[in-house]
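Heads up, the thing below is written out as structure tokens.
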Amino acid sequence: VLCMAACQTEKKEINFPKTDLASAPLIPKPVKTIATHTAFGLDSSTVIYTTTTDPQFEKVGKFLSEKIKGKTGLDLMVNASPDGGTGRLIYINQSDSTALETPESYQLYIKKDSILLNAKTAAGAFRGIQTLRQLIPEKSNDTLTDHPLWVIPSGKIMDSPKYGHRGAMLDVARHFFTLDEVKKYMDALAYYKFNILHLHLSDDQGWRIEIKSWPKLTEVGGATEVGGGEGGFYTQEEYKELVQYAADRHITIIPEIDMPGHTNAASFSYPFLNGNGKKLEAYTGTHVGFSTFDAQKDTVYAFLDDVIGEIAAITPGPYFHIGGDESHSTKKSDYIHFVEKVEKIVQKHGKTMIGWNEIAQAKIAPTSIAQLWNEPHNAIRAAENGSKIILSPAVKVYLDMQYDSLTKLGLHWAAYIPVDESYNWNPETYVEGLPKESILGVEAPLWSETISNSAELEYLAFPRIIGVAELGWSSSENLNWDDYKVRLAQQVPYLKEMNINFYPTKLVDWE
Ligand code: TNX
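Listed below in structure tokens is the structure:
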């Protein structure tokens, strides 16, 4: 059917220049690469095939075809009959090979006349096609044959992620970001094999998601942001659109409603929620720690049951993030009571609770997850309780930290974080005493006190987020700044093509 043997004999041999797959500028660096020094010529006759039993695989094939079209102009057919049998084949195959260790693992075999991508799941195939995208050169070779050919270096890649959780967090509460802005960020995250986007949907300055049973949250709480701008919010339909866009990229959305602190926008909308006894006003500054829900009122928990229920119902992913950070205006006993009550509500709606490291002060279930940002002792405490830990150390991966004292955007309360600093740490050993087995993965938060559009978001996120992609995916032996920075420099054509703004650190020789 696929004319494999028959049509290949008809093909003219192309004399490819010597290639080296092992020195391709792939990020994250694959676990294992073996170069065979010839090439696959991608051209207009190339066709993409996928196993048909799983329509998710066909979607991956179509995604690849679209991206190839964007980069090269070639319009490759997916699962159509080969045109006269002259085409070279990209075959995306569902495989149960035990060599594929995780659902996201993949193997890529690049030969002269075919590319074979093996994965257990469509998610694995999706990660694999990102590698393939990165291997397609910017420019075609127009001298090897009578038509343009994109020369892809041949060899084998065996690849598997270190962590199942490789995330980015975006604060859409301090400043609102539109659907298009969030989608643009997701496009780049997908290219570097991230699988989690955590959306910080509420804070003192704004509430960003429609809750049908409590409409003032967005009518009132959605209309403000840092600096006094007009704010904004996602309707549930729009949120679903983001969830779908993420799912198409095998990215899971984690919604966060931050509480009991960071809740001025909610309490300003519905004053009965307020627990600090002070007069409520809209807040457009950048201080933290002054607001709290009333942890002693049943009505507060009834409200949260509605909020969490509505969000859980439109979130296919397994998680709900309750925030829980910097509740400086909540009594400790109230804080603990609150976290334990809210955990039950999250569980009742079928979700796994995540919270910032402070939640470890409460007696949380071993299935709940703590996200380290500043307190190793609370991460260890959570791990001792059986919980998994997401690593987001502020001093390493807070993307809103300035690069240095001259950076115009961003903050520096945790540190100045130059590009090499955000890369030069090992998640496996970063927290002394935290067992490797407790680490779910890494996540880089981007708080938005000082940024309000894509260009500003990107200036702080790029290139540091690309390094976090490698920390989350690549094996420890493959983490090396000197090797990485050379590959990083070679991301410029992609960043330019995507119109992604980035900070051109002097630590990298961008050419
Ligand atoms: C700390 S990190 C916060 C956020 C701020 C951020 C600014 C964390 C869990 N809380 O509320 O936006 O610092 O860098």
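Just so we're aligned: the sequence shown equals residues -5 to -1, 1 to 506 in mature numbering (1 follows the signal peptide of the UniProt record, and there is no 0). Heads up, the beta-carbon is just placed ideally off N, CA and C, and yes, glycines get one too. Because the structure is a prediction, the values reported are computed rather than measured.
Does the count of Cβ pairs from the region 161 to 172 and the region 181 to 198 closer than 8 Å reach three? yes
Any chance the CB of valine 283 is under 6 Å from a heavy atom of ligand 1? On the sequence shown, residue 283 is found 288 positions in, with the first residue counted as 1. Yes, ligand 1 has a heavy atom inside 6 Å of this Cβ.
I'd like the list of long-range same chain contacts for asparagine 269, defined as Cβ closer than 7 Å, with 5 residues on each side in sequence excluded. Within the sequence shown, numbered from 1, the residue matching residue 269 stands at position 274. Correct list, in chain order: Ser262, Leu275, Asp289.
Which residues in the same chain as leucine 127 place their Cβ atom closer than 8 Å to its Cβ, once the five residues preceding and following it in sequence are excluded? Residue mapping note: residue 127 aligns to position 132 of the sequence shown, counting from 1. Counting only Cβ-Cβ distances below 8 Å, and skipping sequence neighbours, we find Leu59, Ile85, Leu103, Ile110, Leu112, Ile147.
Grab the span of the alpha helix (DSSP H) containing threonine 126 for me, first residue to last. Taking the first residue of the sequence shown as 1, we reach residue 126 at position 131. Note, threonine 126: alpha helix (DSSP H), 117 to 130.
Is the distance from the Cβ of histidine 170 to the Cβ of valine 238 below 7 Å? Here the question's residue 170 lines up with position 175 in the sequence shown. Here the question's residue 238 lines up with position 243 in the sequence shown. Not a contact, by the Cβ cut-off of 7 Å.
Quick check on the burial criterion: 16 or more other C-beta atoms within 10 angstroms. Buried or exposed for glycine 79? Position 84 of the sequence shown, counted from the first residue, corresponds to residue 79. Confidence at glycine 79 is low in this model, with a pLDDT of 44, below 50, so its placement is unreliable and no value can be given for it.
Identity of the residue in Met254, Asn421, Leu37 nearest serine 322 by Cα: Locating residue 322 in the sequence shown gives position 327, where the first residue counts as 1. That would be Met254, whose Cα lies nearest to the Cα of serine 322.
Are the Cβ atoms of glycine 216 and alanine 260 separated by less than 7 Å? Taking the sequence shown and counting its residues from 1, one reaches residue 216 at position 221. Taking the sequence shown and counting its residues from 1, one reaches residue 260 at position 265. Yes. Within cutoff.
Report all residues from its chain with a CB closer than 7 Å to the CB of isoleucine 446; omit the five preceding and five following residues, and keep chain order. In the sequence shown, the residue the question calls residue 446 occupies position 451. Excluding positions up to five away in sequence, the list reads His170, Leu404, Leu452, Leu455.
Measuring only the C-alpha atoms, how far is threonine 138 from aspartate 91? For the purposes of this step, residue 138 is taken as the residue at position 143 of the sequence shown. For the purposes of this step, residue 91 is taken as the residue at position 96 of the sequence shown. When rounded, the distance between both Cα atoms is 40 Å.
For ligand 3, any of its heavy atoms closer than 6 Å to the Cβ of leucine 394? For ligand 3, the structure offers nothing, since it holds only ligand 1.
Could you check how far apart the C-beta atoms of glutamate 176 and asparagine 448 are, in whole angstroms? I think they sit under 8 Å. The residue labelled residue 176 in the question sits at position 181 within the sequence shown. The residue labelled residue 448 in the question sits at position 453 within the sequence shown. So it is a contact: roughly 7 Å between Cβ atoms.
Of the listed residues Trp351, Ala241, Trp209, Ile191, nearest to tyrosine 265 (C-alpha basis): By one-based count along the sequence shown, residue 265 stands at place 270. Answer by Cα proximity: Trp209.
For alanine 439 and glycine 350, what's the separation of their Cα atoms in angstroms? For the purposes of this step, residue 439 is identified with residue 444 of the sequence shown, where counting begins at 1. For the purposes of this step, residue 350 is identified with residue 355 of the sequence shown, where counting begins at 1. Taking the straight line joining both Cα atoms gives about 15 Å.
Closest by CA to aspartate 477, which one among Ser149, Tyr418, Glu96, Ile87? Position 482 of the sequence shown, counted from the start, is the residue given in the question as residue 477. Of the candidates Ser149, Tyr418, Glu96, Ile87, the one whose C-alpha sits nearest the C-alpha of aspartate 477 is Tyr418.
Leaving out five residues on either side along the sequence, give the residues of the same chain with a beta carbon under 7 Å from the beta carbon of lysine 211. Residue numbering aside, residue 211 sits at position 216 when the sequence shown is read from its first letter. Counting only Cβ-Cβ distances below 7 Å, and skipping sequence neighbours, we find Ser264, Tyr265.
In terms of residue numbering, what span does the beta strand (DSSP E) encompassing glycine 350 cover? Taking the sequence shown and counting its residues from 1, one reaches residue 350 at position 355. Its beta strand (DSSP E) spans residues 347 to 351.
With a CB to CB cut of under 7 Å and the five nearest residues on each side skipped, what residues in its chain are close to glycine 56? Within the sequence shown, the letter at position 61 stands for residue 56. Answer for glycine 56: Ile43, Thr45, Val73, Asn74, Ile87, listed in chain order.
Say whether the region 474 to 492 touches the region 415 to 430, bearing in mind that this needs 3 or more beta-carbon pairs closer than 8 Å, one atom from each stretch. yes
From glycine 381 to tyrosine 425, what does the alpha carbon distance come to, in whole angstroms? Position 386 of the sequence shown, counting from 1, holds the residue named residue 381. Position 430 of the sequence shown, counting from 1, holds the residue named residue 425. Their backbone Cα atoms lie some 19 Å apart in a straight line.
By Cβ distance, which residues of its chain are closer than 7 Å to valine 487, with the 5 residues on each side in sequence left out? Counting from 1 along the sequence shown, the entry for residue 487 is found at position 492. Closer than 7 Å at the Cβ level, and outside the excluded window around valine 487, lie Trp505.
Integer Cβ distance of isoleucine 412 from methionine 396, believed to fall under 8 Å: Numbered from its first residue, the sequence shown carries residue 412 at position 417. Numbered from its first residue, the sequence shown carries residue 396 at position 401. Isoleucine 412 to methionine 396, Cβ: 4 Å. Contact.
Buried or exposed: where does isoleucine 29 fall if 16 or more other Cβ atoms within 10 Å of its Cβ makes it buried? To locate residue 29, count along the sequence shown from 1; it is residue 34. By the neighbour-count rule (16 or more Cβ atoms within 10 Å), isoleucine 29 is not buried but exposed.
Between glycine 82 and glutamate 53, what straight-line distance do the alpha-carbon atoms span, to the nearest angstrom? Looking up residue 82 in the sequence shown gives position 87. Looking up residue 53 in the sequence shown gives position 58. Approximately 19 Å, taken between the alpha carbons.
Taking just the CA atoms, how far does alanine 450 sit from threonine 500? Within the sequence shown, numbered from 1, the residue matching residue 500 stands at position 505. Within the sequence shown, numbered from 1, the residue matching residue 450 stands at position 455. Using only the alpha carbons, I get a separation of about 16 Å.
Histidine 195 (DSSP reduced to helix, strand or coil): Looking up residue 195 in the sequence shown gives position 200. Three-state result, histidine 195: strand.
Taking a contact to mean a Cβ-Cβ separation below 7 Å, would you say isoleucine 249 touches histidine 193 in this structure? Taking the sequence shown and counting its residues from 1, the one referred to as residue 249 is at position 254. Taking the sequence shown and counting its residues from 1, the one referred to as residue 193 is at position 198. Yes, these two residues count as a Cβ contact at 7 Å.
Quick one: what's histidine 160 bridged to in DSSP? On the sequence shown, residue 160 is found 165 positions in, with the first residue counted as 1. Its beta-bridge partners are Gly436.
Closer than 7 Å to chain B by CB, leucine 394: Considering every chain present, this structure includes no chain B. It has just one protein chain.
Rounded to whole angstroms, what is the Cα-Cα separation between glycine 462 and alanine 389? In the sequence shown, the residue the question calls residue 462 occupies position 467. In the sequence shown, the residue the question calls residue 389 occupies position 394. Cα to Cα, the separation comes out at about 15 Å.
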